[in-house]
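Residue numbers (numbering that gives the first Met the number 0), protein chains in the order written: chain G, 0 to 886; chain D, 0 to 522. A quick write-up on the structure given underneath.
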Amino acid sequence: MTSLATPYPVGLRRHLRVQVGVGAGQVVAGVGNLLFSVIAARLLAPRGFASLTAFLALAMLVAVPAGSLAAGTVLSSALHDRVATHTRWVGAVSSVALGVAVGLAGPSVGLPRAMALPAAALPAVALALALARGQLYAARRPGRVIATLVTEPLVRVGAGTALLLVAGAAGGALAVALAGALALVVARRGLAGSPLGRPGGLAAASGAQGVAAFLALALVQNQDVLLVNARLSDDAAGTFAVLSMLGGAALFAVWNAPMVLMPDTRDDPSALRAALAMTVAVGVAATGVATAFGGPLVEALVGAPYRDAGPLLGRYVAAMALLGVARVLIGDRCAHGRARSTAVLTGVVAVVHVALLATATTAAGAAGATLVSTALLLGLTAGLVAFDHRVVDGSAVTARIRAAVWADAPARVATVATGVGLLLRFVVTRGLWLDEAITVAQARLPFGEMIDTIARTDVHPPAHQAVLWAWVRVAGDGELAVRVPFVLAGAALAPLLFAVGRDLYSRRAGAIAAVLGAVAPLAVWYSQEARMYSLYMLCSLVAVWGQARAMRAGRPRDWALFVIGTTGLLWTHWFAVLQVATQQVVLLVHVVRSRRAARPVARTVWGWAGSLAGLAMLLAPLLLVVGPQLAAYAGRGAGLDVTPSQTGGSAANLTGDLSIYRLAVNAVWAVAGYHANETMVLLVAMWPLAMLAAFAMLGRGPWRPGTDVLVAVATIPMLVLFGLGALKSNLFEVRYVIGSLPAVLLLLARAADLPRRRAGTVAAGTALALASIVGLADQQLNADNPRRYAFDAAIRSVAADAAPGDVVAYAPTFLAPVLSYYAPELEARPLTSIDPDRTDGRIHVVASFLDEQPQASEVGAALAELEQARGRGERREAGNVSIWTFP
Amino acid sequence: MTALLTPTPPTPSDVRHRRSRWDPTAGGTAVAGVVATIAAALSLWYLGWLLAPGRMGHPFLYVALVVAEVFNLTQAVGFWWTLAGRRRATPAGARLHHVPATTTVDVLIPVYDEPVEVIAPTVMAATRLRAGTVRVVLCDDGCRDELRALARDLGVDYLPREASHGAKAGNLNHALARTDGTFVLVLDSDHVARPELLERTLPHFADATVAFVQTPQWYANADDNEMAGTAWEQQALFFGPIARGKEGHGAMFCCGTNVVFRRAALDAIGGFPTDSITEDFAMSIRVHEDGWRTVYVPEVLAAGLGPEDAAAYVGQQDRWARGCLTGIRPALQARLPWRVKLQYLLSAGFFLTGWTYLVYLLLPVVRLATGDQPIAAEGADQFLLHFAPYFGLSLLTVSIAGAGAYTFRAYATTMATFWIHVRASLAVLVGRTGGFRVTPKGGAARPQPAAMWPTLVAALVLVSVAVIGLTRELSASALNNLAFVALHLVILLRGAWPALVGAAVPEPSTQPSGTPRDGPAVP
């Protein structure tokens with residue numbers, strides 16, 4: 000293809016003018032199409048209007064991939080040439096196929112057979128139009144682009160009105176096809192006789208990758224409404240449809256911004272700035288309007304039945320605004336020849352989006368899932384574009400980041416491990432646990448009320464609730480959405496382990512630690528809980544790293560790191576005090592030994608004193624919580640009637656209340672994850688193999704600096720807690736000292752790195768990783784894992800079965816938050832408060848923790864009473880939850 | 000004849016000219032003491048639990064286990080007690096007095112059939128010893144002309160012996176009768192002394208009751224050869240905390256080389272005893288019985304060569320085991336302070352450890368094959384509770400006291416050659432202590448499975464039993480015993496590893512002397 004330099008406006012203002020012009024054309028097109036729909040609604044009977052709407056959906060279905068193809072041809076003339084040679088027969092075959100399909104099966108999806116002809120025109124026209132528009136963008140012909148954009152609605156409204164009157168819905172369909180054809184004519188006329196500007200010079204493969212990237216973008220934009228329709232209730236689906244429609248309109252105005260951008264961005268950086276300025280401005284304006292006037296807007300446009308969508312509109316429009324900006328950045332990357340990584344990135348986000356949507360139970364949750372996904376996409380893309388445009392290139396930061404993530408094999412292993420760890424954590428295989436439901440319920444409260452509730456009724460410091468409080472206001476309270484902050488904190492463990500391992504030992508040890516951190520069963524399990532544990536692990540690692548560095552170098556920033564980590568620990572979990580105390584003792588021993596060895600200690604002592612002062616200041620606010628909590632705890636009888644700390648742990652009670660086997664079981668849980676009781680019994684029986692580990696530690700010589708901290712943190716909190724367990728059995732639970740896990744993983748990585756030969760290290764690291772993966776798979780997938788409580792499935796099944804007037808009776812009483820989360824619409828009462836004679840509808844009993852004798856007795860007695868009053872109940876099970884339905 | 004400083008240049012390629020990085024004084028005394036005290040208490044706790052009524056499963060197995068555990072607990076407590084003596088040990092490198100030039104020292108280098116290239120650096124280094132007036136004597140039991148020439152070239156005395164009765168002890172006695180130095184330094188033919196050896200040892204003789212001053216035997220080839228490295232790590236524990244502790248208890252015994260004697264002391268006990276294959280151990284008992292003191296200087300002042308292949312190692316261990324076990328009766332009969340007597344018995348008794356490991360090997364085998372076990376089943380978790388702390392702290396004590404010098408391969412090799420102890424004790428029991436066997440020279444590059452065939456047979460039995468056990472049942476109890484089998488398999492195969500893969504090919508100048516006169520290493 001000829002590459003002639005067509006004079007073209009350059010500079011920010013001119014790029015901006017073009018962007019605004021094309022955007023205006025797009026808005027006109029959108030308004031025109033909306034007008035056509037309104038006219039059709041007025042002129043056609045509901046059945047006919049529905050048929051035309053279905054046809055429009057079909058046209059959209061064809062247009063979306065075709066639009067992606069346009070993006071590819073803007074990027075690559077070679078791709079255009081290749082596609083162009085096949086367009087005719089591909090278009091012809093597709094048209095015939097679609098026409099025949101509509102002719103044969105159209106009525107079954109609401110498309111009259113009369114629409115077969117216009118349907119047949121859609122693929123061929125869409126393909127040709129996509130290629131032509133792609134050429135126009137590439138040739139920098141904005142005027143002609145606007146003309147083609149405006150032609151379609153003009154024809155639809157003009158000729159379409161007439162055809163609607165004459166031929167009804169089929170006429171409208173014909174008008175749609177005709178509008179596309181005429182837009183094609185306009186586009187082709189714009190190309191005829193005019194030399195093309197500078198069509199994309201990228202290889203065809205790059206163009207194809209660009210097509211893939213834009214297809215993935217189309218998925219992110221459209222898949223939410225499809226999935227919500229398929230999964231949620233009618234009301235929720237309707238609410239979300241409104242969000243999708245109005246939110247989509249916000250994106251519509253900036254839809255073509257990447258197309259305008261791509262031909263110029265390589266030569267003129269101001270093109271990107273212009274595109275960003277326009278999309279950001281439109282996005283901010285749209286989000287502001289939607290947030291401020293969401294309720295009235297929804298009621299005015301779609302009526303009162305959809306008023307639930309009002310409060311969510313701002314959130315969803317924000318998601319679309321972010322997506323619009325992300326599209327611009329993606330176009331920029333594709334134009335710079337980085338389409339492949341962009342396509343992969345967008346595809347991954349599309350998958351994450353699906354995963355988030357799959358767990359959303361409400362329209363709000365789904366909107367949150369889309370917001371999180373688009374924010375993730377924008378964040379990742381923006382980071383990459385910053386590199387592409389050398390925003391930070393050339394600086395030490397770039398070099399360090401690149402060296403850290405991809406410089407050598409260990410860094411690459413750690414980077415891949417980070418990605419794998421992130422994905423694994425997003426693959427959640429269980430519903431919300433009791434404690435999570437409590438946390439979500441707290442996070443739904445106003446902030447002050449939440450803190451007050453925590454102080455009066457909880458037994459934990461408020462850091463994770465505060466994080467979740469802010470998060471649910473952005474991303475909603477969907478099942479996965481509420482877990483995202485903690486998933487991200489858990490995923491951050493892998494790169495941080497790499498950094499610490501590299502700092503304390505070697506790059507290889509760091510890489511192994513990162514891999515272990517990514518797949519460690521317990522780390523994955525608790526990263527998936529909307530609780531404090533992933534933060535606990537992260538803060539623990541920061542505190543340990545800070546201390547190791549402070550003991551080695553004693554720089555102010557090392558002490559600062561130590562203070563940050565320690566503060567985070569105590570804001571996260573009260574039992575972290577065991578680790579904090581352990582670390583203080585290690586510091587004391589370090590100072591004493593340094594003095595004995597006649598090494599200078601003044602710097603360390605001053606740093607230590609400073610850190611204590613800093614800690615005192617940062618921890619002081621906790622006094623406002625800890626006092627009332629202690630008083631309330633004592634008032635309740637030291638923990639009675641709160642959620643159980645030790646659940647699913649019958650394997651840990653092999654020999655009574657507290658035993659060495661229970662310690663061993665908890666140790667196995669720590670490194671191998673949760674498994675069926677039978678498996679745990681067998682695993683613990685293999686304790687003699689642990690003697691090998693002890694033997695292997697022989698002859699390792701003096702510990703490296705930092706190892707003393709790791710060993711102390713890995714062992715002492717667990718042993719102290721074991722001792723405390725002798726006083727109060729349910730205090731001994733591995734997750735209370737999960738802050739020790741990163742230290743354990745680092746020590747394992749260090750052990751794997753001991754062989755002198757690289758092959759030995761790789762073999763040891765691989766063996767550890769494989770063992771972890773096996774443990775992880777069993778933990779996550781084995782239904783016999785006693786820690787899996789299917790409250791979600793059980794309650795949803797009751798909700799699906801329940802009729803108006805039915806009552807849900809639950810036991811024990813602490814099931815209330817989880818019932819309220821999954822089925823707030825159900826009338827639920829504690830089992831003990833149910834009076835069968837005063838209940839009209841059926842009684843659904845939801846009971847759990849029946850392996851505990853008092854609980855089983857209480858439920859048994861209540862069931863007997865119900866059976867006497869109502870007859871025999873129908874029983875079913877769902878993962879450690881029992882359900883009885885009494886007529 | 001006074002040794003002359005020879006102009007012959009040293010051989011820099013010989014590993015024995017390397018400086019040792021090992022510090023015999025390393026290992027936290029205070030921390031090890033605290034840990035050892037706790038470990039001792041926990042060992043009693045464990046023993047008390049083990050001996051409590053109702054613990055017994057199968058009577059025979061239970062008794063075997065109890066005997067083995069009591070023996071090992073005794074050894075462990077003995078080790079911790081030995082460590083406690085370190086606080087009273089002579090400070091390392093102490094210079095007590097100036098050594099007058101008139102002090103005469105005879106340096107005796109007994110040789111039998113070692114290669115000349117091994118002997119030459121030893122003799123050469125001996126001529127460079129500082130302090131006093133030194134006379135170097137090459138005591139040749141082989142009457143070889145090349146050694147006569149070597150002595151002539153290096154300007155040292157050559158003392159051949161026609162009849163080689165009494166082996167090394169006879170050779171040394173032969174030389175003692177023909178020399179008259181106030182002090183006698185004995186160097187094995189492969190031990191290259193550092194020039195300051197006498198400067199660091201002779202001052203201790205200012206105390207007229209000191210009979211000999213022993214210094215460590217460091218294996219300079221430990222970094223180059225798997226077997227030598229393993230042997231050294233076993234030695235390191237002895238020449239580190241144990242030897243320092245023994246000295247503190249007044250019970251340091253002679254280890255055969257790198258040791259300086261007061262001639263008067265040797266004369267008093269009638270020279271080196273020729274009726275033992277570990278003449279140094281037997282001689283030490285007599286010295287202590289005669290009221291002399293002994294000193295250990297924890298400073299590497301000579302560099303030797305360790306056994307470089309499995310056969311050499313087995314031969315060395317076998318001889319030490321027989322010699323030390325033979326020494327039990329003299330130690331029992333000797334009129335010694337109880338502390339010293341106990342120290343000798345602990346050292347000699349170490350060579351019975353193999354029996355206990357045999358018991359440990361058999362217990363899971365019997366359980367998987369017959370279902371019988373020593374402890375009543377209901378005590379499984381309690382066994383772990385009582386055993387684990389004692390076990391863990393015992394290892395920790397070894398690790399801290401030895402400053403990491405004692406390794407898993409050293410432990411595994413000791414355990415994998417358990418049959419040496421069994422065989423030696425049986426031989427001693429029937430009065431067949433055997434005579435000197437010169438260890439083969441050099442390390443065999445090829446694998447030597449035959450050298451450790453009993454270890455491999457034991458491993459084979461374990462594998463067979465594991466397979467049988469797996470096919471029979473997969474209960475927690477069976478799996479527990481299978482884990483023990485796996486543990487033992489790892490230990491046995493790690494210990495037999497040098498025999499399975501062969502030795503690294505050493506440089507010609509580093510061939511070990513394989514002298515049968517090395518001192519015992521008693522971990």
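For each residue, glycine too, the CB sits at the ideal point set by N, CA and C.
For Ala240 of chain G, the enclosing alpha helix (DSSP H) has its first and last residue at Asp233 to Phe251. Taking 8 Å as the CB threshold, Leu818 of chain G stays off the interface with chain D. For Ala513 of chain G against Val412 of chain G, the beta-carbon gap comes to about 7 Å, under 8 Å, which counts as contact. By the Cβ criterion, the segment 12–24 of chain D is not in contact with the segment 352–371 of chain D, since fewer than three pairs of Cβ atoms, one from each stretch, lie closer than 8 Å. Its chain contains Ile118, Asp139 and Ser188 as the residues whose beta carbon lies nearer than 6 Å to that of Val110 of chain D, once the 5 sequence neighbours on both sides are disregarded; these appear in chain order. Residues of chain G with a Cβ closer than 8 Å to the Cβ of Gly391 of chain D are, in chain order, Ala693. Residues of chain D whose Cβ lies closer than 7 Å to the Cβ of Gly774 of chain G do not exist, since the nearest Cβ in that chain is about 17 Å away. Spatial neighbours of Val297 of chain G in its own chain (CB-CB distance under 8 Å, excluding positions within 5 residues in sequence) are listed in chain order as Val241, Leu245, Tyr305, Arg306, Ala308, Gly309 and Leu312. Restricted to the segment 104–155 of chain G, the alpha helix (DSSP H) segments that are unbroken, complete and at least 4 residues in length are 115–137, listed in chain order. Following the DSSP letters along the chain, one finds His843 of chain G inside the beta strand (DSSP E) bounded by residues Ile842 to Ser847. In this chain, the beta strand (DSSP E) harbouring Ile108 of chain D covers Thr103 to Val110. Between Thr358 of chain G and Glu478 of chain G, the CB-CB gap stays under 8 Å. Contact check for Val191 of chain D and Pro120 of chain D: beta-carbon distance about 5 Å, within the 8 Å limit, so the pair qualifies.
Among the residues facing chain G, Val397 of chain D is included, as its CB has a counterpart in that chain under 8 Å away. If only complete runs of 3 or more residues are kept, the segment 240–315 of chain D shows the beta strand (DSSP E) at 258–261, 292–295 and 301–303, in order along the chain. A Cβ-Cβ separation of about 6 Å places Val483 of chain G in contact with Val371 of chain G under the 8 Å criterion.
For Gly403 of chain D, a Cβ of chain G is located within less than 8 Å of the residue's own Cβ.
Taking all protein chains shown into account, His85 of chain G has fewer than 16 neighbouring C-beta atoms within 10 Å of its C-beta and is therefore exposed.
For the pair Leu865 of chain G and Gly859 of chain G, the CB atoms are not nearer than the 8 Å cut-off. The beta carbon of Val89 of chain G is closer than 7 Å to those of Leu126 in its chain, skipping five residues each way along the sequence. Nearest Cα to Asn257 of chain D within the set D:Leu107, D:Gly53, D:Leu478 and D:Gly165: D:Leu107.
Straight across, the Cα-Cα distance linking Val471 of chain G with Arg443 of chain G is about 8 Å. Tyr45 of chain D does not reach chain G, its nearest Cβ partner there being about 13 Å away, counting only Cβ pairs nearer than 9 Å.
Of all alpha-carbon atoms in G:Val473, G:Leu163 and G:Ser340, the one lying nearest the alpha-carbon of Leu379 of chain G is that of G:Ser340.
By the C-beta density criterion, Lys727 of chain G is exposed, having fewer than 16 other C-beta atoms within 10 angstroms. For Ala693 of chain G and Val683 of chain G, the gap between their C-alpha atoms comes out near 16 Å.
According to the DSSP assignment, Ser881 of chain G belongs to the beta strand (DSSP E) that extends over Val880 to Phe885.
Annotated three-state conformation of Arg429 of chain G is coil, per DSSP. Using a Cβ distance threshold of 8 Å, Pro816 of chain G and Leu433 of chain G count as a contacting pair. Assignment of beta-bridge partners to Cys138 of chain D by DSSP yields D:Pro109 and D:Leu158. For Phe574 of chain G and Leu740 of chain G, the gap between their C-alpha atoms comes out near 14 Å. Closest in C-alpha terms to Leu499 of chain D, from the list D:Leu351, D:Val122 and D:Pro448, comes D:Pro448. Under the DSSP assignment, Gln74 of chain D falls outside any beta strand (DSSP E), being part of the alpha helix (DSSP H) whose first and last residues are Pro58 to Ala83. Under DSSP, the beta-bridge partners assigned to Ala192 of chain D are D:Ala301.
Identification of residues in the segment 366–384 of chain D having a C-beta nearer than 7 Å to some C-beta of chain G yields Asp380, Leu383 and Leu384, given in sequence order. Residue burial is scored here from C-beta neighbours: Cys142 of chain D has fewer than 16 other C-beta atoms within 10 angstroms and is therefore classed as exposed.
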